[in-house]
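J.: My questions all concern the structure below.
In structure tokens form, the structure reads like this:
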């Protein structure tokens, strides 16, 4: 789907492990909500982490391909 | 504040259809209102029933996924990129008093999604301003582990 010219994907849960293909609606809501909570929680702590790094004047990097040349 | 990585944003879409069943919550309210002899007009509203639910995330075009930790183990590398992510992982663990820890940390380089793209962080090794089109490590699909599993 496209929202404001940005492409998104919508993930639905399907049980392929047992060959049935069915996950109850309640279970889908529970598992997908848990996934979303994990993302939001990680985002929250990422912001706290950057604030802590700035406070401690620490050196961090995630620049692509820079790690092997330091 | 300079953000050397970002976390994928997402949201849920729930699709409902008009139904005739009153939800269990409203049924409970109905019972409670009967106890007090008061009829709540909200109880007579027909509740829509949930049909499907989706987790919606920005489409990730890159196939090059960087794994920093797995579901049951971690990668033992000493480059600064991995060290930064491990520092973040330990920061989360410390802040949650070891009750939860991030697992299965993975990401890929995508276009920056935040609005603070021109912020600079002078304490970083990357003493430069990221442009809006510059790629940044985007973490996605994390898991949380507890001491019980």
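Chains as they are written, first to last, in the working numbering: chain A, 338 to 407; chain B, 2 to 150. Idealized CB from N, CA, C, for every residue including glycine. For clarity, every value in this text was computed on a predicted model and none was experimentally measured.
#1: Please list the partners that residue 366 of chain A has in chain B, where partner means a Cβ-to-Cβ separation under 9 Å.
#2: Consider the C-beta atom of residue 391 of chain A and the heavy atoms of the ligand GTP; say whether any pair is separated by less than 7 Å.
#3: DSSP three-state call for residue 364 of chain A: helix, strand or coil?
#4: Is it true that the region 69-85 of chain B meets the region 360-376 of chain A, where meeting means three or more beta-carbon pairs spaced less than 8 Å apart?
#5: What residues in its chain sit with their C-beta under 7 Å from that of residue 109 of chain B, if we drop five residues either side in the sequence?
#6: Going by beta-carbon coordinates alone, are residue 57 of chain B and residue 347 of chain A separated by less than 8 Å?
#7: Classify residue 379 of chain A as buried or exposed, calling it buried when 16 or more other Cβ atoms lie within 10 Å of its own Cβ.
#8: Kindly indicate if chain D contains any beta-carbon less than 8 Å away from that of residue 360 of chain A.
#9: Taking C-alpha atoms, which residue in B/77, B/150, B/11 lies nearest to residue 377 of chain A?
T.: Short version:
#1: 13, 15, 51, 54
#2: The model depicted lacks the ligand GTP and carries no ligand whatsoever.
#3: helix
#4: No: fewer than three Cβ pairs fall under 8 Å.
#5: 61, 63, 65, 66, 67, 139
#6: yes
#7: A residue is called buried once 16 or more other Cβ atoms fall within 10 Å of its Cβ, and residue 379 of chain A is buried on that count.
#8: Note that chain D does not occur in the displayed structure, where the protein chains are A and B.
#9: B/11
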